[in-house]
Amino acid sequence: MSARASGAMLEQALKDILVEWQQCRASWNDVKAREFEHDFLEPLPTIVNQARPVIEDIDILLRKLKADCE
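For the sequence shown, this note's numbering begins at 65 and goes up steadily by one.
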C-alpha cells in the first residue's frame, strides 16, 4: 500500500468515526460525552489535516527511493 493510499484511508477513517460518533451521541449525552468529544474528537480533523502534507511528502520520497533503486 502506498503512503498516498494510507492517507486516503486515514481521511476516510476520520469521516467514519465522526459519523459513528453522531450516532453514539444520540444515546450518550452527558458531561463525559462532551469531555470525550472535546478531548479526543474535536482535535482529529486538525491532526489529519496536518498529517496530509507529511504523508504526501513521504509518498514522494518513497517513490524517489524506489526509482533510485531500480
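The beta carbon of each residue, even a glycine, is placed where N, CA and C say it ideally should be.
Put residue i into one of helix, strand or coil per three-state DSSP.
i: D121; result: helix
i: W92; result: coil
i: S66; result: coil
i: E106; result: coil
i: E134; result: coil
CA-CA distance, residue i and residue j?
i: Q87; j: V118; result: 31 Å
i: K96; j: M65; result: 37 Å
i: N113; j: M73; result: 13 Å
Query raised in the report: Is there contact between the segment 98-112 and the segment 122-129, where contact requires at least three CB pairs shorter than 8 Å?
Result: At 8 Å Cβ cutoff, the stretches do not touch.
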